[in-house]
Every structure is written in C-alpha cells, then in structure tokens.
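Chains H and S supply the protein sequences, listed in that same order.
Okay, so the first sequence: first residue is 54 according to this note's numbering, each after it adds one.
Okay, so the second sequence: first residue is 3 according to this note's numbering, each after it adds one.
Backbone N, C-alpha and C define an ideal beta-carbon position, used for all residues, glycine too.
Below is one structure, written out as structure tokens; comments come after it.
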Amino acid sequence: MDLDKSVIGLTSDEYVFEVESRHVGQFVTAIGDDNPLYTDDQYAKESAYVGLIVPPTFPIAMNDGKVKMPLQLDHRRMLHGEQEFLYYKPIRIGDQLRCQIKVRDLYDKEGKSGKMQFLKLDTEMNDQTGELVCISRMNIVYRAAKN
Amino acid sequence: MIKDWVLEDLTVDQKLEPMMKPPITKVQLAQYAGASGDFNPLHLDDGFAQKIGMDGVIAHGMLVMGFLGEYVMKIAGKKARVVNFKMRFGKMTVPGDEIRCSGVVKRTYEEEGKRRIALDLTAEKVSGEVVGSGSAILQLT
C-alpha cells in the first residue's frame, strides 16, 4: 500500500538518549576517526566547540532501538537516499537528549520503474531545557510495492 | 591528520587536499554495526547478501558519511563549527574499497555577523565511482 499525505506530521513517542563516552569511543573507532575533538579534553577546550563533542554523524546512532516509528513501513521497499544533519548546539558526552521522530514530508515522483515516493523523517533532539540541539533528517525513497 | 587550513583564506572553487581512508574491512562493518545499532545482515552476513543477489556484504552508507564527516571536521580544525552536513548516497561500497574524500569551496558568505564557508564534498573509490556526494557549511568563530 502506498503512503498518503496524511502521514505528514505524525510523531513517535519521545525517548531520552544518553550520550555515553564508551559509545562515542566505539563509534570513532569504527570510522577510524582520530580527531582529538572527541578524545582530548585540552585540545577540545581550545577549539570553536570549547569542549569535547561527538562526531557529526553520531546522531544516527542515537536511537534506543525500541522507539516505535510514527508510521508502518515495509523495510524491503525503503532506500536511504540522503541524510542531512542540522546542528544548533554541540552534543556532549553525558547529555541526556529528548528525541522524537517526525514525518516532515511525503511527495511522489514518477521514476523509470513507476511511481516512487519520497519520505522525509526528522529526528529532533532537544536538551533538558527544551532547546533544539540537532535535527537528523533522513530522506527515504519508498519504492512501489511489487504485485 | 591533514594540514591546518587558514579558513579565512579559502576562496571559491579552491580544491581542498583529499583524505584517503584505509581499505574497508568486514571487522570494521561489524564495529560500525555495533556502534550505530544498524545490524542489517546485508552488512554482516555474506550468505544473506548473496541470497538477495549481491556478491557479498556491502558497507553501511552511513559509514561512508562518517568518513566525509571525519574529513569535514578536519577541515574545520579548531577554528570553525559545522552547522549543516548532508550527503546523497551513491554507488555501493564493499570490503576492500579504499575511499577518497575530497572537497571544493562552493561559496563564502556572512550570516548573523559570522563568516560561513560552504563546501561540496565527494567520497569516491579509487576507480572514480562516487559513493557519496554531499555538502557542509562551516561557521567561523
């Protein structure tokens, strides 16, 4: 079944994600990223971030694996086409961020193999004071169902 | 680490020194699966990947974006923050591939009294196949 515009605005439940040092360490090790901004306190303090931060793609790892998506999707039809991060405040180890997934947009396009749908999902992350820290925006290509 | 750029001196169309990553390994894909929480067997299980028509496992697209993220943060150095970063996924990446990250200055401008630099970014294989194309905006402090 195709999606329709009524999904726009749907949200997941809010969940709290705690940024842990060990997790950030595993993430930079997997990428092979040796930037001292993630590990060297002194270096990071002298930087534009004035303290340790997490790598720019780390928000993708900020899912608790349990949160229910705002809508039902068939994973076999999903293709992660594009990813965008909008950064408002630095993410620090120890942060407890309130996260919520929202359906930002849905639109159709005619492709070579029939109609394709494009879905934009935002994960918004706010700090404890309610200030926006980061948006992780996933652009998903949702292919037509096979008959 | 790549050299420290004097960000104020960057000019439009200037090419930035590329960064080469070592060949992607299957162990790295397992590490990335654990760290990111993406345990899709397409990245971990050759048998599964072959069943759906691939030669074997493919790398997580977000790992490639992680490489570009490493690159852009090294360009930003100590003097800038990254305010926006995006990437469109291209060709698939497999274990053994060596990814080269490169960038070009697209635009320099002022916003809210701060200097910003927009970069175009590319991640490609040695063969020249593009696996990710993206952009980032740096804000100088």
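Specify whether the segment 178–190 of chain H and the segment 160–168 of chain H touch according to this definition: at least 3 beta carbon pairs, one from each stretch, less than 8 Å apart.
no
Proximity to MET67 (chain S) [Cα-Cα], best of S:PHE50, S:THR124, S:GLU113 and S:VAL85
Cα-wise, what sits closest to MET67 (chain S) is S:THR124.
Close beta carbons around ASP87 (chain H), own chain, < 8 Å, minus the five adjacent residues each side
Result list for ASP87 (chain H): VAL81, in chain order.
With burial defined as no fewer than 16 other Cβ atoms inside 10 Å of the residue's Cβ, what is the status of VAL128 (chain S): buried or exposed?
exposed
Along chain H, which residues have their Cβ under 7 Å away from the Cβ of GLY36 (chain S)?
What GLY36 (chain S) touches in chain H: GLN79.
Report the three-state DSSP secondary structure of PHE87 (chain S) (helix, strand or coil).
strand
Short CB-CB distance (under 8 Å) between GLU177 (chain H) and chain C:
No chain C is present in this structure, whose protein chains are H and S.
Near LYS119 (chain H), what residues of its chain come up, given a Cβ to Cβ distance below 8 Å and the 5 sequence neighbours on each side ignored?
Result list for LYS119 (chain H): TYR68, in chain order.
Indicate the three-state DSSP secondary structure (helix, strand or coil) for PHE69 (chain S) in the structure shown.
In the displayed model, PHE69 (chain S) falls within a helix according to three-state DSSP.
Starting from ASP94 (chain H) and walking both ways along the beta strand (DSSP E), at which residues does that stretch end?
No beta strand (DSSP E) contains ASP94 (chain H), which is instead part of the alpha helix (DSSP H) from 94–98.
Express the C-alpha separation of LEU142 (chain S) and THR77 (chain S) in angstroms, rounding to a whole number.
According to the sequence provided, residue 77 (chain S) is Ile. The question's Thr does not apply to it. For ILE77 (chain S) and LEU142 (chain S), the distance between alpha carbons rounds to 12 Å.
Leaving out the 5 sequence neighbours to the left and right, which residues in its chain are closer than 6 Å to ILE188 (chain H) when beta-carbon positions are compared?
Around ILE188 (chain H): LEU139, ASP175 and GLU177.
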